[in-house]
Amino acid sequence: MNKLILQITQATSLSTQQAWWLLEHVTKKNRTQLEYNPHELSDDEQAQLAHYVQEVAVKHKPLAYILGFVPFLDLELIVQPPTLIPRPETEAWVHEVICMLKETNIENLRILDLGTGSGCIGLSLAQALPLAQVYCLDIAQSAVDLAAKNAQKNNILNVRFLQSDLFAQLPQGLEFDLIVSNPPYIDPAVQLDKSVAAWEDHGALFAINKGIQIIEQIIQQAHHHLKKNDALNYQLIMEIDASQGDIVQKLLETYNFKNIQIKKDQFDRDRTAWAQ
């Protein structure tokens, strides 16, 4: 099996761990079974593996879209093109948000997840905080449908879904304790890896004005949808590009947010903006 794993990694951009995941997917066996009870792949398995290797190597298809799911904190999420694939950097800050909210001991929080995509952020918060009410919004109906499917898959009930361009379709007067978002923030001039550019939704990746447009719209409108809650140190948390910390800080100051922090990710790059 190790020889086969080596062949997969040499033919593709996959790591050894990813090659094992692919082999597990094809054989329907886990790594332990494959290592301790190696067997020759059947003709069907060989053909399927060759097809997947070609999709990765030639078509640059992300492994997550082949496997059809990704783990995210305590969830297993269905992923399908072109909805954005959740990243480890996002997983890290969502975990931090959960820890913060649990420490407050506030019950019945109302949380808004803007641009929910697969639902990774909103569903993680809803699962960790069963007394909270989480609203997951996305401009793409396909993303809303996928997030709803993921809620059902993970038995999460305290969540609502709505197709909306940012705040546009929210019921009038509905206010939230916390708004979270992983909005489009990449400058269209940036050249992305082919596995991203060719497969994932450009509308969920890119924003004009050097990637700042959607972030600025959220900051401009957020106060109209936040209710005063002094028990929370932060009421707006957004993922940003590593190059945007200074400009996002200035925007938050301009629109009268306080307690502003630009936090770094596990790779020591600016990753999130937190504000009250």
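Counting from 1, one number per residue, gives the positions in the sequence shown under the UniProt record's numbering. In this text, a Cβ means the ideal position worked out from N, Cα and C, and glycines have one as well.
Straight-line Cα distance separating residue j from residue i
{"i": "residue 265", "j": "residue 214", "result": "21 Å"}
{"i": "residue 240", "j": "residue 22", "result": "31 Å"}
{"i": "residue 224", "j": "residue 24", "result": "49 Å"}
{"i": "residue 35", "j": "residue 1", "result": "7 Å"}
{"i": "residue 258", "j": "residue 29", "result": "52 Å"}
{"i": "residue 207", "j": "residue 119", "result": "20 Å"}
{"i": "residue 267", "j": "residue 89", "result": "9 Å"}
{"i": "residue 54", "j": "residue 133", "result": "43 Å"}
{"i": "residue 163", "j": "residue 6", "result": "44 Å"}
{"i": "residue 183", "j": "residue 244", "result": "13 Å"}
{"i": "residue 62", "j": "residue 216", "result": "30 Å"}
{"i": "residue 275", "j": "residue 161", "result": "25 Å"}
{"i": "residue 18", "j": "residue 227", "result": "44 Å"}
{"i": "residue 20", "j": "residue 211", "result": "36 Å"}
{"i": "residue 229", "j": "residue 97", "result": "16 Å"}
{"i": "residue 14", "j": "residue 32", "result": "20 Å"}
{"i": "residue 42", "j": "residue 199", "result": "30 Å"}
{"i": "residue 65", "j": "residue 145", "result": "17 Å"}
{"i": "residue 129", "j": "residue 261", "result": "24 Å"}
{"i": "residue 233", "j": "residue 256", "result": "15 Å"}
{"i": "residue 8", "j": "residue 169", "result": "47 Å"}
{"i": "residue 147", "j": "residue 136", "result": "8 Å"}
{"i": "residue 142", "j": "residue 171", "result": "21 Å"}
{"i": "residue 187", "j": "residue 152", "result": "34 Å"}
{"i": "residue 60", "j": "residue 185", "result": "23 Å"}
Beta-bridge pairing of residue i - partner residues as DSSP gives them
{"i": "residue 199", "result": "None, per the DSSP bridge assignment."}
{"i": "residue 136", "result": "113, 161"}
{"i": "residue 238", "result": "181, 273"}
{"i": "residue 76", "result": "71"}
{"i": "residue 262", "result": "273"}
{"i": "residue 186", "result": "206"}
{"i": "residue 146", "result": "Note: residue 146 sits in no beta bridge, so no partner."}
Buried/exposed call for residue i, threshold 16 Cβ in 10 Å
{"i": "residue 131", "result": "exposed"}
{"i": "residue 68", "result": "exposed"}
{"i": "residue 117", "result": "buried"}
{"i": "residue 277", "result": "Residue 277 cannot be examined here, being either before or after the span of the chain that is shown, 1 to 276."}
{"i": "residue 138", "result": "buried"}
{"i": "residue 38", "result": "exposed"}
{"i": "residue 269", "result": "exposed"}
{"i": "residue 271", "result": "buried"}
{"i": "residue 99", "result": "exposed"}
{"i": "residue 189", "result": "exposed"}
{"i": "residue 12", "result": "buried"}
{"i": "residue 103", "result": "exposed"}
{"i": "residue 154", "result": "buried"}
{"i": "residue 235", "result": "buried"}
{"i": "residue 180", "result": "buried"}
{"i": "residue 159", "result": "buried"}
Beta-carbon separation (whole angstroms), residue i vs residue j, contact threshold 8 Å
{"i": "residue 56", "j": "residue 73", "result": "Between residue 73 and residue 56 the Cβ distance is about 26 Å, and since that is not below 8 Å, they are no contact."}
{"i": "residue 106", "j": "residue 242", "result": "Actually they are not in contact, since the Cβ atoms of residue 106 and residue 242 sit about 31 Å apart, beyond 8 Å."}
{"i": "residue 82", "j": "residue 70", "result": "Not really, about 15 Å apart at Cβ, beyond 8 Å."}
{"i": "residue 167", "j": "residue 221", "result": "5 Å"}
{"i": "residue 140", "j": "residue 201", "result": "7 Å"}
{"i": "residue 150", "j": "residue 78", "result": "6 Å"}
{"i": "residue 75", "j": "residue 204", "result": "So it is not a contact: roughly 19 Å between Cβ atoms."}
{"i": "residue 26", "j": "residue 45", "result": "5 Å"}
Validate contact between the stretch 45-53 and the stretch 118-129 using beta carbons, cut 8 Å, 3 pairs: Touching, no.
Between the stretch 157-177 and the stretch 99-113, do three or more beta carbon pairs fall short of 8 Å? Proximity of the stretch 157-177 to the stretch 99-113 meets the contact definition, three or more beta-carbon pairs being nearer than 8 Å.
Determine, using beta-carbon pairs with one atom in the stretch 243-252 and one in the stretch 192-201, whether at least three such pairs fall under 8 Å. Of all C-beta pairs linking the stretch 243-252 to the stretch 192-201, fewer than three are shorter than 8 Å, placing the two stretches out of contact.
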